[in-house]
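Mind the numbering: the sequence shown is residues 2 to 336 in our numbering, read in order.
By construction, the Cβ of each residue, glycine as well, lies at the ideal position given by its N, Cα and C atoms.
Since this is a predicted model, take the numbers as computed values, not measurements.
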Amino acid sequence: MKILVTGVAGFVGYHTAQRLLAQGHEIIGVDNLNPYYDVALKKARLANLASQPKFSFDVMELSDRNAVDDLFHKHEFSRVIHLAAQAGVRYSIENPHAYIESNVVAFLNILEGCRHTKVPHLVYASSSSVYGLNTQMPFRVDDRTDHPISLYAATKKSNELMAHTYSHLYQIPATGLRFFTVYGPWGRPDMAPFLFTDAISKGKPINVFNQGKMQRDFTYVDDIVEGVVRVAEQIPKPNTDWQGSQADPAGTSAPHRIYNIGNNNPVELMRFIAAIETALGKKAVCNYLPMQPGDVLATSADVSALTSAVGFEPKTSIEDGMLHFCQWYRSYYSA
């Protein structure tokens, strides 16, 4: 198949493109290479992809309506895997406009491209952050998501609503995936796995928020990509049994589905730090700080719907995953 992967220079986009290329698909990758984090890391990911003959790449702002329109009419995509977004919860508090442009306007342009070229299936990234103030664990796809606590979360909720609207109006098959704290080799340097590994490796203190009393559903990137690829292969169909009079928030009469994609096994922050200490053979110096605005105490994914749909089954423990990450970190940074 010919597949569009947006955000291909990003962490999940890079690994997804690698997997799809290994399966023999042709990948058209786009990314704006913005400087939110180290552009050199993004270019290093692209260099690995560029060595493969079925990969091509364009630098593109997906908020540019004409550029996206040209992209969709130039190619006949069998699938669109939309992973591009302005990431980061705390950054969204300081730079709100970047999130509307990159996460809302850009997504509208993607939906319009899918609509006018009749793309058979759109898979797009949502986030566990849509659960906001929910405290009942684990998070289920049929839980209410009406109380986001960051603009980033609000844009991801908007994506889900926009995708459902287009699926309903134009019968565009679309699947949203709520990602839960993805980590692994080539991971983002603004995320805790990298920040903690880098600091511990250099003997510097790490900031541990809420006195370390937090949990995250850390999910290894290979497990995530396996789920993304499986979902892309399964085109959603309308649920003819769904009734608006008994509206199930997770269901719909449109060809649209939403799934949690996580490890289904939340990890306490101190166990996560211990896994890094073991992998590096060094002890952490912890600087304990209060809770940060926009953060949540815990995330935990109920992935039963995704398991039922495509057989998704995460397999990587935090100890094994962080060992792989630390090995990559030491190799890439000659640490």
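Under the DSSP assignment, residue 206 falls in the beta strand (DSSP E) whose first and last residues are 206 to 210. Closest option to residue 256, judged by alpha-carbon separation, among 243, 157 and 262: 243.
Contact between residue 106 and residue 64 holds: CB atoms are separated by about 5 Å, below the 8 Å threshold. Taken atom to atom, the span from the alpha-carbon of residue 215 to that of residue 277 is near 16 Å. Looking at the backbone, the Cα of residue 324 and that of residue 201 are separated by about 14 Å. When DSSP states are grouped into helix, strand and coil, residue 288 belongs to the strand group. A direct Cα-to-Cα measurement between residue 141 and residue 179 gives close to 10 Å. Across the set 300, 82 and 38, the C-alpha of 82 shows the shortest separation from the C-alpha of residue 122. Under the DSSP assignment, residue 176 falls in the beta strand (DSSP E) whose first and last residues are 175 to 180. Looking at the DSSP output, residue 199 sits in no beta bridge, so it has no partner there. One thing to note: residue 108 has its Cβ no nearer than 8 Å to the Cβ of residue 300. Per DSSP, the continuous beta strand (DSSP E) segment holding residue 83 begins and ends at 80 to 83.
Within its own chain, the residues whose Cβ lies closer than 8 Å to the Cβ of residue 44, once the five positions on either side in sequence are excluded, are 10 and 34, listed in chain order.
Annotated three-state conformation of residue 236 is coil, per DSSP. Annotated as proximal: residue 120 and residue 78, with beta-carbon spacing under 8 Å. Contact annotation: residue 80 and residue 233 have beta-carbon atoms nearer than 8 Å.
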